[in-house]
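Novice: Below are the structure tokens for one structure; questions will follow.
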Amino acid sequence: MSVNIDNEVLIEVKDLKKAFGKNLVLNGITTSIHKGEVVAIIGPSGCGKSTFLRSLNLLEEPTDGTIFFEGIDITDVKTDINRLRQKIGMVFQQFNLFPHYTILENITLAPIKLGLMTKEQAEKKAKELLIRVGLPDKENAYPQMLSGGQKQRIAIARSLAMNPDVMLFDEPTSALDPEMVKEVLELMRELAKEGMTMVVVTHEMGFAKEVASRVMFIHDGVIKEENTPEEFFENPKDQRLKDFLSKIL
Amino acid sequence: MSTFISEIYDNFISENRFLYLLQGLGNTLLISLFAVIIGTTIGFLIAVIRASHDKSGSFKVINAICKLYVTIIRGTPTVIQLMIMYYVIFSAVDAKILVAVLAFGFNSAAYVSEIVRSGIMSVDEGQFEAGRSLGLNSKLTMRFVILPQAIKNILPALANEFIVLIKETSVSGYVGIMDLTRGGDVIRSITYDALAPLLAVAFIYLTLVVILSAGVQKLERRLRSNER
């Protein structure tokens, strides 16, 4: 799959470290993510891949190192992280829809409360997004009435309502029943095709192979290897990665 | 039968003695209502401050003060707090009802704050993260994402606290307020009959609590219905 990758750097990570107490989870990660890229992050559980992803919008505060988003150092205490987060969408493993709001309210809450859109504008946009994720008839439903796959598609729509420049996916299909994985991956594939910059922590090797423009292997808190999917899967160099791939493929 | 009727007559009808109960009920309701308002307002404030501190480490000093406040209030009897308020802190003020409202309100706030805090903690951490990841600051996330869910979870416990508060006001007589309990007492001291006035007072408290519970139950059902 060919992807147009701008040279414009969207996220730049320099020597990122994160410790929980004495446990060093990220041990110096340096990488940059360009506009239009789809980066798939894989690795064994507990390797730090989710922590890395969550650092990118400061849900985890780094112990050391810097992260630049569109040229702004988000680890600087003077940076208004709330403003930047509006541009960094996030999709969670557990969906985290707001159970006390309807689907429409879930999608329009942030744009309205942040004063980015009027109620009418936000609802118009939400309805368009619902059509796009294939759930136009669910606007008045509550999250509880939806299947896992539908919830995750709504969660993606909720992120898209903010017009993000990049979207972070934290194992978006890991909590889904097998038959629902496809509908979510299909939607992500479309997003990628439309040029959305995406960083995806995933166990779906098929998705990494077909959709990602770059695959990253994290182990023991560092990037052991990153490459185009072809090279990454056909010709892995790191021994750990070889072991990992031999276990899962 | 005739003794029963004459008892009712002596205790409540004769010389319009039921007015003692009526006046007492009025004061009990007045104190309870405003104490609930004060208690809920301050209680929510304390809970949000303490929960924010637990989450992000902010409000260090205020959090410590809140913690001390809750410890002192919960560690001492309400009637002592009421008397300290009346005889010490507001000894120069001659507004018994107002002092009682403040005393019971401050008392209830400590309990409400712990109830609300437990409600906030019962909301999944992912809800907070989802709100923050959309760019909502912690205040907006608390207000529109966390608190609505927390309140739904704590409604039964809050109702319980309000019930306790209504009954707790029965010690108002200690500072000479004519509340419902004191009203019954006054009748008893006139007629030297304990049974009828006490039963009447108990029955009125029970009625208040039953009405309150029914109201809360209705509210609970309405809040839950939108999830199905």
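Heads up: the sequence lines are chains A and B, in that order. Position 84 of the first sequence, counted from 1, bears residue number 84 in my numbering, the numbering being contiguous throughout. To convert, count from 1 in the second sequence and add 1000; that's my numbering. By construction, the Cβ of each residue, glycine as well, lies at the ideal position given by its N, Cα and C atoms.
Mapping DSSP to helix, strand and coil, what is His1053(B)?
Specialist: DSSP places His1053(B) in helix when its eight states are reduced to three.
Novice: In the DSSP assignment, find the unbroken alpha helix (DSSP H) run with Asp1185(B) in it and report its ends.
Specialist: Element bounds for Asp1185(B): Leu1180 to Thr1191.
Novice: For the segment 1140-1161 of chain B, which residues have a CB atom closer than 8 Å to at least one CB atom of chain A, in sequence order?
Specialist: Those would be Leu1140, Phe1144, Val1145, Pro1148, Gln1149 and Lys1152, in chain order.
Novice: Within the chosen definition, does the segment 1137-1145 of chain B reach the segment 1104-1111 of chain B through at least 3 CB pairs nearer than 8 Å?
Specialist: In short, these stretches do not touch, since the Cβ pair count stays below three.
Novice: Return helix, strand or coil for Leu26(A), following the three-state DSSP convention.
Specialist: DSSP places Leu26(A) in strand when its eight states are reduced to three.
Novice: Taking beta-carbon pairs under 7 Å, can you tell me which members of the segment 88-112 of chain A lie near chain B?
Specialist: Residues Met90, Phe92, Gln94, Asn96, Phe98, Pro99, His100, Leu109 and Ala110.
Novice: Between Asp76(A) and Pro62(A), what straight-line distance do the alpha-carbon atoms span, to the nearest angstrom?
Specialist: Using only the alpha carbons, I get a separation of about 11 Å.
Novice: Taking Ile1115(B) as the reference, give the member of Ile1046(B), Val1201(B) and Val1209(B) with the closest Cα.
Specialist: Among Ile1046(B), Val1201(B) and Val1209(B), the Cα nearest to that of Ile1115(B) is on Ile1046(B).
Novice: Looking only at its own chain, which residues have a Cβ that is under 6 Å from the Cβ of His219(A), when we skip the five neighbours before and after it?
Specialist: Excluding positions up to five away in sequence, the list reads Gly43, Cys47 and Arg240.
Novice: Can you say whether Gly1039(B) is buried or exposed, counting buried as having 16 or more other CB atoms within 10 angstroms of its CB?
Specialist: Buried, since its Cβ has 16 or more Cβ neighbours within 10 Å.
Novice: Return helix, strand or coil for Asn7(A), following the three-state DSSP convention.
Specialist: Reduced to three states, the DSSP call for Asn7(A) is coil.
Novice: Cα separation between Asp250(A) and Val1112(B)?
Specialist: The structure shown does not extend to residue 250(A), since chain A is modelled only from 1 to 249, so the question has no answer here.
Novice: Would the beta-carbon of Gly1135(B) fall within 9 Å of that of Arg158(A)?
Specialist: In this structure, Arg158(A) does not lie closer than 9 Å to Gly1135(B) by Cβ.
Novice: Indicate whether Leu1165(B) and Val1070(B) have their beta-carbon atoms separated by less than 9 Å.
Specialist: Contact: no.
Novice: Name, please, each residue of chain A whose Cβ falls closer than 9 Å to the Cβ of Glu1129(B).
Specialist: Simply Arg54, Leu59, Met90, Phe92 and Asn96.
Novice: Please report the distance separating the alpha-carbon of Phe233(A) from that of Gln94(A).
Specialist: Roughly 28 Å separates the two Cα atoms.
Novice: On the three-pair Cβ rule with 8 Å, is the segment 34-43 of chain A touching the segment 99-119 of chain A?
Specialist: Result no; under three Cβ-Cβ pairs closer than 8 Å.
Novice: Exposed or buried, what is Phe1203(B) when buried is set at 16 or more other beta-carbons lying within 10 Å of its beta-carbon?
Specialist: By the 10 Å Cβ count, Phe1203(B) comes out exposed.
Novice: On the three-pair Cβ rule with 8 Å, is the segment 199-209 of chain A touching the segment 12-20 of chain A?
Specialist: Taking 8 Å as the limit for Cβ pairs, the verdict is that the segment 12-20 of chain A does not touch the segment 199-209 of chain A.
Novice: Of all the CB atoms in chain A, is at least one closer than 9 Å to the CB of Val1126(B)?
Specialist: The residue you asked about is not Val; residue 1126(B) is Gly in the sequence shown. Yes, contact with chain A.
Novice: For Gln1081(B), count neighbouring C-beta atoms within 10 Å of its own C-beta (all shown protein chains included) and say buried if the count is 16 or more, exposed if not.
Specialist: It is buried - the Cβ of Gln1081(B) has at least 16 other Cβ atoms within 10 Å.
Novice: For Val1123(B), which of helix, strand or coil comes out of DSSP?
Specialist: In this structure, Val1123(B) counts as coil in the three-state DSSP scheme.
Novice: Work out the CA separation of Asn1063(B) and His34(A) for me, nearest whole Å.
Specialist: Their Cα atoms are separated by approximately 43 Å.
Novice: Compare the Cα-Cα distances from Met1178(B) to each of Gly1043(B), Asn1016(B) and Gln1023(B) and report the closest residue.
Specialist: It is Gln1023(B) whose Cα lies nearest to the Cα of Met1178(B).
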